[in-house]
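Student: Under the working numbering, the residues of the sequence shown are numbered 2 to 127, in order.
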Amino acid sequence: MSKGVNHRDAINRDLLGMNAQLGGNGTSLYATAAAAMKQMKGLYDPRAGNAVVLFTDGADENRGGPSLEETVAEIKELYDPEKPVRLICIGIGDGIDLRAMKALSAAAGGEAFPLNDPRKLPEVLF
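1) Hey, quick one: how far does the beta strand (DSSP E) through L134 stretch, first residue to last?
2) Drop a sphere of 10 angstroms on the beta-carbon of K53, count the other beta-carbons inside from all chains shown, and report buried for 16 or more, exposed for fewer.
3) Compute the Euclidean distance between the alpha carbons of A35 and P67, then round it to the nearest angstrom.
4) Can you tell me which of the three DSSP states G92 falls into?
5) Nearest by alpha-carbon distance to A107: which of L79, Q40, L44, R64 is it?
6) Three-state secondary structure (DSSP) at P123?
7) Span of the beta strand (DSSP E) holding A49?
8) Three or more beta-carbon pairs under 8 Å between the region 32-47 and the region 112-120, yes or no?
9) Compute the Euclidean distance between the alpha carbons of T57 and L105, then round it to the nearest angstrom.
10) With distances taken between CB atoms, is the gap from M38 to A101 smaller than 8 Å?
Written as structure tokens, this is what we have:
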């Protein structure tokens with residue numbers, strides 16, 4: 002618990018508030034994964050389980066953004082086995098690119114999970 006809020010409540014609050022942050026321009030999966038890994042690398046805490054949990058409902062649609070290969074290479078470069086930050090990708094629905102999610106997560110010692118039934122999210126998260 003942090004500041005009187007447990008992790009489950011914090012995740013639920015943040016998930017519910019995400020719609021206000023979405024730009025409506027499609028999914029920028031690769032750039033988001035790289036940016037999140039950079040951010041967490043700077044926040045590494047040796048006393049905690051350090052991970053990025055990336056939720057997506059689609060494949061990367063950012064035409065001007067990095068390619069999958071470029072992003073995997075960047076994540077591999079960011080990954081430090083002495084200070085590991087794992088990337089967990091959770092794809093919700095039928096529009097996900099599981100191959101890309103697996104490549105991204107494998108570059109950072111993580112896993113990818115397809116999720117067709119949102120009611121199973123607690124099983125994946127906890």
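Glycine is no exception: its CB is placed at the ideal position from the N, C-alpha and C atoms. Because the structure is a prediction, the values reported are computed rather than measured.
Tutor: On the basis of the coordinates in this document:
1) This structure gives no information on residue 134, because the portion of the chain shown stretches from 2 to 127.
2) The residue asked about is misnamed: residue 53 is Val in this sequence, not Lys. V53 should be labelled buried.
3) Distance between the alpha carbons of A35 and P67: 10 Å.
4) strand
5) Considering only alpha carbons, the answer is L79.
6) helix
7) No beta strand (DSSP E) holds A49; DSSP gives it neither H nor E.
8) no
9) 13 Å
10) no
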